[in-house]
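J.: Taken in sequence, the protein lines are chains A, B, C and D.
The opening residue of the first sequence carries number 1 in my numbering; numbering runs sequentially from there.
The opening residue of the second sequence carries number 257 in my numbering; numbering runs sequentially from there.
The opening residue of the third sequence carries number 513 in my numbering; numbering runs sequentially from there.
The opening residue of the fourth sequence carries number 769 in my numbering; numbering runs sequentially from there.
In this text, a Cβ means the ideal position worked out from N, Cα and C, and glycines have one as well.
No experiment lies behind these values; they were computed from the predicted model shown.
4 protein chains.
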Amino acid sequence: MRQNKPIRSNLCLSTPERIVVQGLDLPNEILGNLSLGDMAWLEITGKAPTPQQSAVFNSLLVTLVEHGMTPMAIATRLVYLGAPESLQSAVAAGLCGLGTVFAGTAEGAAKMLQEGIGSAGERDLGAVAAGIVAGFRAQRRGIPGLGHPVHKPIDPRTPRLFEIARDNGYEGRYVELMKRIAAEAERVMNRPLPVNATGAIGAVASELGLDWRLCRGIAVIGRAVGLVGHIAEELRNPIAKEIYERVDDEASEHLR
Amino acid sequence: MRQNKPIRSNLCLSTPERIVVQGLDLPNEILGNLSLGDMAWLEITGKAPTPQQSAVFNSLLVTLVEHGMTPMAIATRLVYLGAPESLQSAVAAGLCGLGTVFAGTAEGAAKMLQEGIGSAGERDLGAVAAGIVAGFRAQRRGIPGLGHPVHKPIDPRTPRLFEIARDNGYEGRYVELMKRIAAEAERVMNRPLPVNATGAIGAVASELGLDWRLCRGIAVIGRAVGLVGHIAEELRNPIAKEIYERVDDEASEHLR
Amino acid sequence: MRQNKPIRSNLCLSTPERIVVQGLDLPNEILGNLSLGDMAWLEITGKAPTPQQSAVFNSLLVTLVEHGMTPMAIATRLVYLGAPESLQSAVAAGLCGLGTVFAGTAEGAAKMLQEGIGSAGERDLGAVAAGIVAGFRAQRRGIPGLGHPVHKPIDPRTPRLFEIARDNGYEGRYVELMKRIAAEAERVMNRPLPVNATGAIGAVASELGLDWRLCRGIAVIGRAVGLVGHIAEELRNPIAKEIYERVDDEASEHLR
Amino acid sequence: MRQNKPIRSNLCLSTPERIVVQGLDLPNEILGNLSLGDMAWLEITGKAPTPQQSAVFNSLLVTLVEHGMTPMAIATRLVYLGAPESLQSAVAAGLCGLGTVFAGTAEGAAKMLQEGIGSAGERDLGAVAAGIVAGFRAQRRGIPGLGHPVHKPIDPRTPRLFEIARDNGYEGRYVELMKRIAAEAERVMNRPLPVNATGAIGAVASELGLDWRLCRGIAVIGRAVGLVGHIAEELRNPIAKEIYERVDDEASEHLR
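Structure follows, in structure tokens:
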């Protein structure tokens, strides 16, 4: 016979008169005091952010909100075309595309950095970076957080994110290691491989103390905002039907 | 032969050196300047918010972030248990539950109010409210935005949201109509039916000029934040496996 | 203090040695004996199908598997492009688009027919049909299951589905009512409005005794099969990246 | 300037009078002739199955339809509780949980076998199996398709699936290699590690010639059927609300 284990959550207490989130009274202590980004910090870490944490974390969240007609954004618009009564499902469908290929890579960068720093011991970060780059190359895997198909030679979001981190006291060893990995990769592979936005997010999120397994959540939150924005535009200027009809026509043209 | 129509989006221009969102340079004009909630406003309306719009809109977004172990939150945790490599899909799965029964009702309230004000003409808002209540009753449909199974006699979020709206100059005819509908419904049905949080959100979002079809998006954005919070707690203190095993055991016990 | 209610399911008993589904031993009584479509019938109704039920139900399930590059299929391919490690999420994303606009309409047709027959009493089906058509017109709502934007003058799937139903003893009053509704709608609106595939599915599913709330499930099952087919083709001949890049380029061209 | 590449699909041609799927006329050649499982084969491979392929492939599809109150099934029921108007999204939410932990492992087994046979050359399968087991152990990764937390000492689905494969001429080198891997793993780790259902599916699907990247699709199709079955039962005997309320009560009890 199995023994029950307790089921507990500290996130919320809801009574007839009160709603308490992470120990704070929602109507009186949160509403009007915490912005959405600060609320995200409270939800994830259990504490309201300092002004510095708020500045840095909001900049991470904002970075991935909008990047044009991505596969996710097109998917959201197409699903909305079929089920306009379920806006939530259209956003959900788009979010499903936030995997290993596009914005999900912040997670991989943070994992690499947190494991790297965790096992660095007395070693110099240059040596740690060299070991990491060699390890990825030995497994023939791409190094997360480096290079970008469009934004060249540098990803313009990266220096700005590092600047915001530095201005708020969050540019430390993780950011340093990320930069050293980029430098080592460029040296070894002999081509430009600057830190991209997801690499910067992975590094700065690590400075903030976030578990690498949650870094994809930063992208998920930001992109959820952006996908609602795409639906807002789709309502003003619908294009999903045109995309669908063009694709359907062209794809079957050769069968006619 | 069908004629192609143009496919256009104004949300983002991305070049090798630049990312421009809604006409603003992302690294230089947005990062560090706009918080996540303000970015949501920019995405949805096309303009950066005034301080008043920011205060009111952020309070709407924050309201629905966290409400405990809702069906959505449990679903997200269970899906994460099965596919921990796809955090985005776990959040997506939870969002799918944000339909007509729970938080999706902000949409219905906003629709009711926007259609009510749109057709009010010279009529007094009390008369408009009476017509709306009579209409729902004739169709035997519940009036969106009224009453709450837990928060009684009043939903503590509602007066606070209306207060924030008033303090920032956004308590106008939509809020007034929502209150009048509640009063009329209480009078006709002879039981307490105060405005609940989704009713307040529908009313205040209408004051902000948001299309009722986007009001569910406010809940979607907020809940996406909350569901990432549930995954963060699940990582620290896992309970999904216990929920699954208890349910599975009990459900099949009678077949043994 | 709330009182627990029992949590029970009859679907499956799983012990170390056995798996029993709906009372049948999975390895010995189901595998090799029931095809996938028959298993679907077992799951939904609790009993293995007769040969007639099998023939009719499989034809319903097969009808909506594939209809080309629908919005759902494109969404699945785009999500797969972003998250190829999560095939399940790509199918899920596409399914989310199966709402009120496209294949979800079988549900509406079945609801209309089941309510119509349920309240018919002694009335002639022609009178019932006239009442239904008048009711939809009074509410300015489209009648589910009639007409098709592409398949004109008749939807070629409909006569075949009705034929299979008839050959197996399942063409009764629901099919009759569906046909009468089409005839009445054509008469009143003075244009061709033949029964389409979802109307036929709604009618035949009603003949099989399926609750209208499950009729969308027929489309969901069929389309899940089809969406895996689209991923199979995407692996052989990828087109999602081309769709994305063309749309992204054209959509932002005017901003350059 | 980018050059457009063609967008082509061979799955379906739809004209006013006809719907042709994979070269077969849907109303006249498919409906009434192909069952749902056979249609799945047609969709994925482009050809109608032989009777042997049909028997084997249907048994694979049927295996994973139902396994009780899995995390996926509970998630589907909870999402349906919140959004009963969107059955498709409830199924989609459940499918999202079909990842690396539960049924998704058929994919890993098939990958292991297809790469193993692909690189076997002249080597004996015992040697190939030894190399595979050693490789997984060196990387401290679990071997996909072996062992089961509940079904011990053997998974009763496995011998039956292998029997059906053998009876239809599809028990070859992939099945052989899977068995050898199990034997080698048991020998090296000195504990029972029999082939489980997903291991059997991965092996038999490889015999059928299916790309390992599609093997998760077998589980997705089967489970989509099962999740509709759970919704059917939820309609007859609702339990999602009870699950939700119990969890919510217990989780926040310590905060009161």
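With distances taken Cα to Cα, identify the nearest neighbour of B:R413 among A:K5, A:N28, A:D155.
T.: Of the candidates A:K5, A:N28, A:D155, the one whose C-alpha sits nearest the C-alpha of B:R413 is A:N28.
J.: If we define contact as Cβ-Cβ less than 8 Å, is D:H919 a contact residue for chain A?
T.: no
J.: Say the cut is 7 Å; is the CB of B:I286 nearer than that to a heavy atom of the ligand PLP?
T.: The ligand PLP is absent from the structure shown, which contains no ligands of any kind.
J.: Taking any Cβ of chain D, which residues in the segment 338-354 of chain B have a Cβ under 8 Å from it, in chain order?
T.: G338, A339, P340, E341, S342, S345, A346, A348, A349, G350, C352, G353, L354
J.: Report the option in A:V175, A:S9, A:R173 whose CA atom is closest to the CA atom of B:I330.
T.: A:S9
J.: Cβ atoms of B:S291 and A:S252: under 8 Å apart, would you say?
T.: With respect to the 8 Å criterion, A:S252 and B:S291 are not classified as neighbours on the basis of their beta carbons.
J.: Can you list the residues of chain A that B:R476 reaches, using a CB-CB cut of under 8 Å?
T.: According to the sequence displayed, residue 476 of chain B carries Val and not Arg. In chain order: L87, Q88, V91, A224, V228.
J.: Give the interface partners of A:G68 over in chain C, defined as CB-CB distance under 9 Å, in chain order.
T.: D760, A763, S764
J.: Counting only beta-carbon atoms, is B:A207 nearer than 8 Å to chain D?
T.: This structure gives no information on residue 207 of chain B, because the portion of chain B shown stretches from 257 to 512.
J.: Just the C-alpha distance for C:I629 and D:L1003, rounded to the nearest angstrom, thanks.
T.: 21 Å
J.: What does D:V833 touch in chain B if you count any residue whose Cβ is under 9 Å from its own?
T.: Those do not exist, as D:V833 stays about 16 Å from chain B at its closest Cβ, beyond 9 Å.
J.: Taking only beta-carbon positions, decide if C:S571 is within less than 8 Å of chain B.
T.: no
J.: Residues of chain B with a CB under 8 Å from the CB of D:F930: which are they?
T.: Those do not exist, as D:F930 stays about 26 Å from chain B at its closest Cβ, beyond 8 Å.
J.: At a CB-CB cut-off below 7 Å, which residues of chain C make contact with D:P795?
T.: Neighbours of D:P795 on chain C, chain order: P668, R669, R672.
J.: Determine the chain A residues that contact C:L458 at a beta-carbon separation under 7 Å, and present them in chain order.
T.: The displayed coordinates of chain C run from 513 to 768. Any statement about residue 458 of chain C would go beyond what the structure contains.
J.: For D:N958, is the classification buried or exposed, using 16 other Cβ atoms within 10 angstroms of its Cβ as the cut-off for buried?
T.: exposed
J.: Would you say B:I388 reaches chain C, if we count a Cβ-Cβ gap shorter than 8 Å as a contact?
T.: no
J.: Return helix, strand or coil for C:L546, following the three-state DSSP convention.
T.: coil
J.: Are the segment 774-788 of chain D and the segment 893-912 of chain D touching by the rule of at least three beta carbon pairs closer than 8 Å?
T.: no
J.: Smallest Cα separation from D:A861: which of B:A362, B:E363, B:R333?
T.: D:A861 has its Cα closest to that of B:R333, out of B:A362, B:E363, B:R333.
J.: Can you tell me the Cβ-Cβ gap for B:Q308 and B:N424, rounded? I've got them flagged as a contact below 8 Å.
T.: 4 Å
J.: Where B:Y430 and B:G398 are concerned, what is the direct C-alpha to C-alpha distance, given to the nearest angstrom?
T.: 19 Å
J.: Is the beta carbon of C:C727 less than 8 Å from the beta carbon of C:E555?
T.: no
J.: Closer than 8 Å by beta-carbon distance: list the chain C residues that pair up with B:I263, in chain order.
T.: Taking a Cβ-Cβ cut-off of 8 Å, the neighbours of B:I263 in chain C comprise V759, E762, A763, given in sequence order.
J.: Where are the beta strand (DSSP E) runs, 3 residues long or more, that stay fully inside the segment 689-716 of chain C, in chain order?
T.: none
J.: So, under 8 Å CB-CB, B:L267 and A:G68 are touching, yes? Tell me the CB distance rounded to an integer number of Å.
T.: 7 Å
J.: Based on the DSSP output, what are the partners of A:I74 in its beta bridges?
T.: Its beta-bridge partners do not exist; DSSP assigns none.
J.: Within its chain, find whatever has a CB closer than 7 Å to the CB of A:L61; leave out the 5 residues flanking it on each side and keep chain order.
T.: G37, A40, I218, I221, G222
J.: Do D:A953 and B:L354 have their CB atoms nearer than 8 Å?
T.: no
J.: Going by CA-CA distance only, name the one from A:V56, A:S54, A:M72, A:G126 that's closest to A:A181.
T.: Note on residue identity: the sequence assigns Ile, not Ala, to residue 181 of chain A. Ranked by Cα distance from A:I181, the first of A:V56, A:S54, A:M72, A:G126 is A:G126.
J.: Report the residues of the segment 646-658 of chain C with a CB closer than 9 Å to any CB of chain D, ordered along the chain.
T.: none
J.: Just to check my reading of the structure: B:P327 and D:L849 have Cβ atoms closer than 8 Å, yes? What is that Cβ distance to the nearest angstrom?
T.: Rounded, the Cβ-Cβ distance is 5 Å, consistent with contact.
J.: Can you tell which of A:L193, A:G202, A:A134 has its C-alpha closest to the C-alpha of A:F162?
T.: A:G202
J.: In chain order, what residues of the same chain have a beta carbon less than 8 Å from the beta carbon of C:I755, not counting five sequence neighbours either side?
T.: I586, R589, L590
J.: Return the first residue and the last residue of the beta strand (DSSP E) that D:C780 is part of.
T.: 780-782
J.: How about A:Y170 and A:L210: do their beta carbons lie closer than 8 Å?
T.: no
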